[in-house]
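Numbering (this note's numbering), first residue to last: 1 to 311.
This is the structure:
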């Protein structure tokens, strides 16, 4: 096990006039409009034959066939059939327009978020902190290293869960340290610990963060290296079900008497392990872009808290 602890003069990340890259969220409306027009132009070529498909599917049934299928039903006149056909086609055209519009808006959001991530990485890390290939430790249940989006961190830690000054922040599977850098960019003076199983990635993160005395990067099995003073654990689906069971059991073993443990779980594939467990409470977070009537099988994110034994 490798343990890196960096203690130097306290230094804060400067915002460089961008206030934690927040200004990138308010893009110019002309830029958004140009993107919409581009996506609409592409969508036109994707769906230009839809009208032809609608005409093929909406064939008018001859009167004789209608009488054979339902003798008691009065046959619609050609005029009413034409009106019904035009109404059906108008409805499908309207639905198609809505679909293209929503798709364009979604693409714009995705594009803006990618630009936001790249800008943050360039300003605070002078490099790319994005996705990587398969983990060399997949046999131990580790998932591929990948970084959380800046918009996700802003949404969760500004609107859903507010970090307390007394919290000890633990990034389980910290990768190259984008989450830790975002915490620092928000001027959190909390003690911050990153747990990373991959030695090469942990060393790269350690070199990048070695000037902050409140940051530690620990290399090795996250279950074994859980800090005894940790209170807030951030997880971006770092490992599979077996490892998650070990992680949950280890938290209960270490903190059942103390309590005060919160898990911010993004892309929570193993959330079922915490359901119907009296030791834990779950507050699910819906994706802000999803329609209200859409209920996905798995929550987008969740705030999971250990019940205080004193209560």
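All residues carry an ideal CB built from backbone N, CA and C; glycine is no exception.
On a predicted model such as this, the values are computed, not experimentally measured, just so you know.
- prompt: My guess is that residue 170 and residue 233 are in contact by the Cβ rule of under 8 Å, so how many angstroms apart are they, rounded?
  reply: Along the chain shown, read from residue 1 onward, the residue named residue 170 stands at position 170. Along the chain shown, read from residue 1 onward, the residue named residue 233 stands at position 233. With 8 Å as the limit, residue 170 and residue 233 qualify as a contact, their Cβ atoms being about 5 Å apart.
- prompt: Do residue 173 and residue 222 have their CB atoms nearer than 9 Å?
  reply: Taking the chain shown and counting its residues from 1, the one referred to as residue 173 is at position 173. Taking the chain shown and counting its residues from 1, the one referred to as residue 222 is at position 222. Going by C-beta atoms, residue 173 is nearer than 9 Å to residue 222.
- request: Indicate the three-state DSSP secondary structure (helix, strand or coil) for residue 300 in the structure shown.
  value: On the chain shown, residue 300 is found 300 positions in, with the first residue counted as 1. Three-state result, residue 300: coil.
query: What number of angstroms, rounded off, separates the C-alpha of residue 168 from the C-alpha of residue 130?
result: Within the chain shown, the letter at position 168 stands for residue 168. Within the chain shown, the letter at position 130 stands for residue 130. One C-alpha to the other measures close to 25 Å.
message: Between which two residues does the beta strand (DSSP E) holding residue 171 run?
response: To locate residue 171, count along the chain shown from 1; it is residue 171. Segment 169-172, the beta strand (DSSP E) holding residue 171.
message: Bridge partners for residue 194 per DSSP, in chain order?
response: Position 194 of the chain shown, counted from the start, is the residue given in the question as residue 194. Paired residue(s): 171, 217.
field: Any 3 or more C-beta pairs closer than 8 Å across the stretch 267-277 and the stretch 241-253
entry: yes
query: Below 8 Å, can you find three or more Cβ-Cβ pairs linking the stretch 261-268 to the stretch 110-120?
result: no
message: Is the separation between the beta-carbon of residue 160 and that of residue 304 shorter than 9 Å?
response: Walking along the chain shown from the start, residue 160 turns up at place 160. Walking along the chain shown from the start, residue 304 turns up at place 304. Result no, Cβ atoms of residue 160 and residue 304 do not sit closer than 9 Å.
query: Would DSSP call residue 305 helix, strand or coil?
result: Residue 305 sits at position 305 when you count from the first residue of the chain shown. Here residue 305 sits in strand by DSSP.
message: Within the continuous alpha helix (DSSP H) that includes residue 252, where are the two ends?
response: Counting from 1 along the chain shown, the entry for residue 252 is found at position 252. Residue 252 -> alpha helix (DSSP H) spans 241-255.
- prompt: Should residue 256 go down as buried or exposed, given a rule of 16 or more other Cβ atoms within 10 Å for buried?
  reply: Translated into the one-based positions of the chain shown, residue 256 becomes position 256. Residue 256 should be labelled exposed.
query: The beta strand (DSSP E) with residue 285 in it runs from where to where?
result: On the chain shown, position 285 is the one that residue 285 refers to. Run containing residue 285: 280-285, per the beta strand (DSSP E) assignment.
Whole-angstrom distance between residue 252 and residue 192, CA atom to CA atom: If you number the chain shown from 1, residue 192 lands on position 192. If you number the chain shown from 1, residue 252 lands on position 252. Between residue 192 and residue 252, the C-alpha separation is close to 21 Å.
field: Range of the contiguous alpha helix (DSSP H) that encloses residue 188
entry: The residue given as residue 188 occupies position 188 in the chain shown. Per DSSP, residue 188 belongs to no alpha helix (DSSP H) and is neither H nor E.
Nearest to residue 148 (by Cα), restricted to the options 208, 183, 165, 162: Numbered from 1 along the chain shown, position 148 holds the residue referred to as residue 148. When only C-alpha atoms are compared, the closest one is 183.
Three-state secondary structure (DSSP) of residue 108: The count along the chain shown starts at 1 and reaches residue 108 at position 108. The answer is helix: DSSP assigns residue 108 an H, G or I state.
query: Who are the near neighbours of residue 151 in its chain, counting only those whose CB is closer than 7 Å to its CB and skipping five residues on each side?
result: On the chain shown, position 151 is the one that residue 151 refers to. Closer than 7 Å at Cβ, skipping near neighbours: 113, 116.
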